[in-house]
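Below: the structure, in C-alpha cells.
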Amino acid sequence: MKIQLCFTAHGQKAINEFENHELIESFSRHMKTLTKKYTVITTVPLIDNQDIASAGVLNVNCEAETNEANMFFRELARDMKSPLNKRITGKLGNIFNAKVVK
Numbered sequence: 000m001k002i003q004l005c006f007t008a009h010g011q012k013a014i015n016e017f018e019n020h021e022l023i024e025s026f027s028r029h030m031k032t033l034t035k036k037y038t039v040i041t042t043v044p045l046i047d048n049q050d051i052a053s054a055g056v057l058n059v060n061c062e063a064e065t066n067e068a069n070m071f072f073r074e075l076a077r078d079m080k081s082p083l084n085k086r087i088t089g090k091l092g093n094i095f096n097a098k099v100v101k
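Under numbering that gives the first Met the number 0, the final residue of the sequence shown carries the number 101; numbering is consecutive throughout.
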C-alpha cells in the first residue's frame, strides 16, 4: 500500500530547514530501525519524493497489516521529532499525519 506522510504546519516548518536527500535519508534510517520492532517493510521511492518540502508530503510504500502500520507510523512521528527539532527553535507538536492512498 502507498502511504502519504502529510506534514502539519509544525512539520512543514521543520522540513523546510532540510535538503530533500537529508529528509529521505533520515526518514529511511528511522523506518529501518523500527522494522526491528514491527513487521513492516517500507521504502521511500525517490521518483515520488522529488521535492518533499514544497509538496508537504513524503510518499512511502509499505507492506504490512493496517493495525501494525498505524502503530509503526505513530512511533515514527514521535522518533522523528528529535532530528527535526535540532534545526528549529521551539517545540514541535505533531509533525505529520499518515494517510493511506492505496
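Ideal Cβ positions, reconstructed from N, Cα and C, are used throughout, including at glycine.
Quantities reported herein were computed from a predicted structural model and do not represent experimental measurements.
So residue i and residue j are in contact, right, with Cβ under 8 Å, and what is the actual spacing, rounded?
i, j, result
"Glu62", "Ile40", "4 Å"
"Pro44", "Asn60", "6 Å"
For a quick check, are the C-beta atoms of residue i and residue j less than 8 Å apart?
i, j, result
"Leu91", "Ala8", "no"
"Met104", "Phe17", "The requested residue 104 is not part of the displayed model; the chain covers only 0 to 101."
"Lys101", "Met0", "yes"
Got a sec, what are the start and stop residues for the beta strand (DSSP E) residue i sits in?
i, result
"Ala63", "Per DSSP, Ala63 belongs to no beta strand (DSSP E) and is neither H nor E."
"Thr41", "40 to 42"
Tell me which residue opens and which closes the alpha helix (DSSP H) that residue i is part of.
i, result
"Asn96", "From DSSP, Asn96 is part of no alpha helix (DSSP H) but of the beta strand (DSSP E) over 95 to 99."
"Phe6", "Element bounds for Phe6: not the alpha helix (DSSP H) but the beta strand (DSSP E), 1 to 6."
"Arg28", "19 to 33"
"Ile51", "51 to 54"
Between the C-alpha atoms of residue i and residue j, what's the straight-line distance to the nearest angstrom?
i, j, result
"Ile51", "Asn15", "9 Å"
"Leu83", "Leu22", "9 Å"
"Cys5", "Glu67", "19 Å"
"Val56", "Gln3", "6 Å"
"Asn58", "Asn96", "12 Å"
"Lys85", "Thr42", "25 Å"
"Gln49", "Gly89", "28 Å"
"Thr38", "Gly10", "26 Å"
"Glu24", "Ser53", "17 Å"
"His112", "Asn93", "The chain is shown only over 0 to 101; residue 112 falls outside these bounds and no answer can be derived."
Measuring only between beta-carbons, confirm whether residue i sits less than 8 Å from chain C.
i, result
"Ala63", "The structure shown contains no chain C; it is built from a single protein chain."
ask   = Contact between the region 63 to 77 and the region 20 to 33: three or more CB pairs below 8 Å?
value = yes
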